[in-house]
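K.L.:
Chains as they are written, first to last, in the working numbering: chain W, 20 to 347; chain X, 127 to 469.
1) Among the residues of its own chain, which have a CB less than 6 Å from the CB of residue 298 of chain W, if the five just before and after it don't count?
2) Report yes or no: do three or more beta-carbon pairs, one from the region 20–38 of chain W and one from the region 69–79 of chain W, lie closer than 8 Å?
3) Using a cut-off of 7 Å between C-beta atoms, extract the partners of residue 451 of chain X located in chain W.
4) Does the region 265–276 of chain W come close enough to the region 181–193 of chain X to have 3 or more Cβ pairs within less than 8 Å?
5) Which partner residues of residue 22 of chain W appear in the DSSP bridge assignment?
6) Could you list which residues in chain W have their beta carbon closer than 7 Å to that of residue 371 of chain X, in chain order?
7) For residue 161 of chain X, which residues in chain W fall below 9 Å Cβ to Cβ?
8) Per DSSP, what kind of secondary structure is residue 162 of chain X in: helix, strand or coil?
9) Check each residue of the region 47–78 of chain W: if its Cβ is closer than 8 Å to any Cβ of chain X, include it; give the result in chain order.
10) Would you verify that the beta carbon of residue 221 of chain W is, or is not, closer than 7 Å to some beta carbon of chain X?
11) Between which two residues does the alpha helix (DSSP H) harbouring residue 71 of chain W extend?
12) Under 7 Å, CB to CB, which of the residues in the region 164–189 of chain X have a partner in chain W?
13) Going by Cα to Cα distance, which pick from W/58, W/169, W/226 is closest to residue 271 of chain W?
14) Quick check: is the beta carbon of residue 141 of chain W nearer than 7 Å to any beta carbon in chain X?
15) Return the bridge partner residues of residue 345 of chain W from the DSSP annotation.
16) First and last residue of the alpha helix (DSSP H) that includes residue 142 of chain W?
17) Starting from the beta carbon of residue 252 of chain W, find every residue of chain X whose beta carbon is closer than 8 Å, and list them in chain order.
18) Please tell me whether residue 273 of chain W has its Cβ less than 7 Å away from any Cβ of chain X.
19) Under 8 Å between beta-carbons, which chain W residues line up against residue 360 of chain X? List them in chain order, please.
20) Using three-state DSSP, classify residue 282 of chain X as helix, strand or coil.
21) Using DSSP's beta-bridge definition, name the partner residues of residue 355 of chain X.
22) Would you decide whether residue 250 of chain W is buried or exposed? Buried here means 16 or more other CB atoms lie within 10 Å of its CB.
23) Can you tell me where the alpha helix (DSSP H) with residue 462 of chain X in it begins and where it stops?
24) Using 8 Å as the cut-off, can you tell me whether the region 157–171 of chain X makes contact with the region 192–207 of chain X, which would need three or more C-beta pairs spanning the two stretches below that distance?
25) If the cut-off is 9 Å on Cβ atoms, which residues from the region 262–274 of chain X count as contacting chain W, listed in chain order?
26) Once DSSP output is grouped into helix, strand and coil, what is the label at residue 243 of chain W?
27) Between residue 106 of chain W and chain X, is there a C-beta pair that is closer than 7 Å?
28) If we cut at 7 Å on Cβ distances, does residue 98 of chain W have a partner in chain X?
29) Three or more C-beta pairs under 8 Å: does that hold for the region 104–122 of chain W against the region 285–300 of chain W?
30) Once the 5 residues before and after residue 392 of chain X are set aside, which same chain residues still bring their CB inside 6 Å of it?
31) Is there a Cβ of chain W sitting closer than 7 Å to that of residue 381 of chain X, yes or no?
32) Tell me which same chain residues have a C-beta within less than 8 Å of the C-beta of residue 269 of chain X, skipping the five on either side of it?
33) Does the contact criterion of 3 or more C-beta pairs under 8 Å hold for the region 81–98 of chain W versus the region 208–222 of chain W?
34) Give me, in chain order, the residues of the same chain whose beta-carbon lies closer than 6 Å to that of residue 145 of chain W; leave out the 5 immediate sequence neighbours on both sides.
35) Excluding the 5 residues flanking residue 129 of chain X on each side, which residues of the same chain have their C-beta closer than 6 Å to its C-beta?
36) Could you name the residues of chain X that residue 267 of chain W contacts, counting a contact when the two beta carbons are closer than 7 Å?
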């Protein structure tokens, strides 16, 4: 991993020094051993703070939107899962391809922070991480720890189909091999959900949505949620709340409306980066919602995975004369 | 101040009886989250003070509550206010959360008396509980109290080997010990108090992160236009997590919901967050806090300066929840250190 970090700092410094980009969006050391933080390097010196390790969980692509109305060129560090977000923004015409330099990192998986913190003191200083294929060796000032991937990866990484970025200008490491059988999604989690009877499904989502805080972290982190103005943030006075899709009252019915509207909104567009579920402060299993519609779209319109490439029209956002219209 | 002891078996009886005579609110686990919720069976209660637990502020200031219902009568509008709260007991409140209520009180009990908050506040007895472990991001010590401080609680418990030490800190706490005097004993109190002392010493060694607030307020007084805020705010997603998990954040919005028939509805207040775009949006379309910089600055200024300016108590109690839950590792401990560097 040290080679990737060196290469990243070198490349970032080069881009910034040459004036090719105004900023490199990457990761820096976080405030505990199993955490990194989004970092915005604007000069060569700051480029040396950039890092890469299996705690780089954030999808940084969303930050491009903060600069969408400017004309500066930016570089952003992406993993395979995040890289689909770049295609998302380009396809959605939210960020032009020519204004972004994609620094791709082949990713051997991310470690589950909570599991790691059960083993390593959060205050330990991270020295280095080595990816040995089946396991990570994490060296800290509190000693050396080995984490078997089978046990310690984030759930989304355990079934990852895109360890290599699907789009990148500079690849910061050797491409990782992907076995043929790992390339297609079997949706085991969704099949399991689908088998439940309606009452059980309803009880499941009632319980989860009931505790939604409506903090909107799932929306704010999502690269598919890129509207300039959100349906849930309509500037209307309190007495006209009913003119909105839903009121601020975080009751279970309103929360259902919020999550289901968001689900339909990202249908055919969700890249399954899993950030929504990671950021949820009350552990709502949000990927179950979005993966259900990914599965449905695949079944209805053929094998299509949003974000894998820019060029192809997506089933729900493109028009073809030969599209069936039996429902009309 | 009355100090007594209760053994573990009797403690369960105490909980049973509290639950039957009052609305008992205590930490309850659901899908890996711990919330303060109304107890239906005492077996649900989880007093594991070392796990992440959402703050109990919602007991006094719920995420949403009806202020009044309205109905168009034949001649006039008929308003119906919600009935008064019943007596309740809030159990297992951590020292930081009890202290946080003392930061909330002047907001709702200042020049304007907030009837909704105060009604519940007056009718609630708070049973605090010493922490058993200091979490990595805890920094209550920086605010002059610690994991065994009972300030803000009516009755304060500390788990000891023979049960719980119970210290009555207010008249409500005294009343509770009196009402349940058959369950509490004075035998062994001295030993238990010693145990608490030892626990305090032991917990004090568990604080990992150094936080020194000295000079922070003075620097913030002159930092409104500092370029630091712009840099700091870049990573913020402007979601509402930090404000919603914060035990002292108290901003709300008021909305009307028509419904339930013609010409009727209800007026509600709901938690709001200064991180949201529309929080300060004016009718004219002007937004005095148009971007991340202004919103992030406002949050830290509020926690570490404005609340102090207004009420002489801090708006932060060092619970560490925002640090733990922030999806981008915005870390108030780091911010405090950086303010001292750049300010």
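Glycine residues also receive a C-beta, built at the ideal position from the N, C-alpha and C atoms.
P.N.:
Walking through what the data contain:
1) As a working mapping, residue 298 of chain W is identified with position 279 in the first chain. Excluding sequence neighbours, residue 298 of chain W sits near 236, 240.
2) yes
3) Sequence index remark: in the second chain, residue 451 of chain X carries index 325 (1-based). Per Cβ cutoff of 7 Å: 300.
4) yes
5) Stepping through the first chain from its first residue, residue 22 of chain W is reached at position 3. None, per the DSSP bridge assignment.
6) Here residue 371 of chain X is taken as the residue at index 245 of the second chain, counted from 1. Residues of chain W passing the Cβ test: 300.
7) Here residue 161 of chain X refers to the residue found at position 35 when the second chain is read from its first residue. The contacting residues are 230, 301.
8) Counted from its first residue, the second chain places residue 162 of chain X at position 36. Note: residue 162 of chain X maps to strand in three-state DSSP.
9) 49, 50, 51, 54, 55, 56, 57, 58, 59, 77
10) To locate residue 221 of chain W, count along the first chain from 1; it is residue 202. It does not; no Cβ of chain X falls within 7 Å.
11) Within the first chain, the letter at position 52 stands for residue 71 of chain W. Element bounds for residue 71 of chain W: n/a, residue is neither H nor E.
12) 189
13) Within the first chain, the letter at position 252 stands for residue 271 of chain W. Closest option to residue 271 of chain W, Cα to Cα, is W/226.
14) As a first step, residue 141 of chain W must be located in the first chain, where it is residue number 122. For residue 141 of chain W, the answer is yes, since a Cβ of chain X falls inside 7 Å of its Cβ.
15) On the first chain, position 326 is the one that residue 345 of chain W refers to. Per DSSP, none; premise fails for residue 345 of chain W.
16) The residue you call residue 142 of chain W lines up with position 123 of the first chain. First-last for residue 142 of chain W: undefined, no H or E at that position.
17) Working through the first chain from its first residue, we reach residue 252 of chain W at position 233. The contacting residues are 402, 403, 404.
18) If you number the first chain from 1, residue 273 of chain W lands on position 254. Answer no: the Cβ-Cβ gap between residue 273 of chain W and chain X never drops below 7 Å.
19) Within the second chain, numbered from 1, the residue matching residue 360 of chain X stands at position 234. In chain order: 57, 59, 82, 85.
20) Residue numbering aside, residue 282 of chain X sits at position 156 when the second chain is read from its first letter. In this structure, residue 282 of chain X counts as strand in the three-state DSSP scheme.
21) Residue numbering aside, residue 355 of chain X sits at position 229 when the second chain is read from its first letter. Answer is none; residue 355 of chain X lacks a bridge partner.
22) Within the first chain, the letter at position 231 stands for residue 250 of chain W. Looking at its Cβ environment, which holds fewer than 16 other Cβ atoms inside 10 Å, residue 250 of chain W is exposed.
23) Taking the first residue of the second chain as 1, we reach residue 462 of chain X at position 336. Note, residue 462 of chain X: alpha helix (DSSP H), 458–468.
24) no
25) 262, 263
26) Residue numbering aside, residue 243 of chain W sits at position 224 when the first chain is read from its first letter. If DSSP states are grouped into helix, strand and coil, residue 243 of chain W belongs with coil.
27) Taking the first chain and counting its residues from 1, one reaches residue 106 of chain W at position 87. Output row for residue 106 of chain W: interface = no.
28) Working through the first chain from its first residue, we reach residue 98 of chain W at position 79. Not an interface residue.
29) yes
30) Here residue 392 of chain X corresponds to residue number 266 of the second chain, with the count starting at 1. Contacts found: 192, 195, 383.
31) In the second chain, counting from the first residue as 1, residue 381 of chain X sits at position 255. By this cut-off, residue 381 of chain X is an interface position.
32) Looking up residue 269 of chain X in the second chain gives position 143. Once the five neighbours on either side are set aside, the close Cβ partners of residue 269 of chain X are 225, 339, 440, 442, 443, 444.
33) no
34) Translated into positions along the first chain, residue 145 of chain W becomes position 126. The residues are 52, 159.
35) Taking the second chain and counting its residues from 1, the one referred to as residue 129 of chain X is at position 3. So the list reads 293, 315, once near-sequence residues are dropped.
36) Here residue 267 of chain W is taken as the residue at index 248 of the first chain, counted from 1. In chain order: 379, 381, 396.
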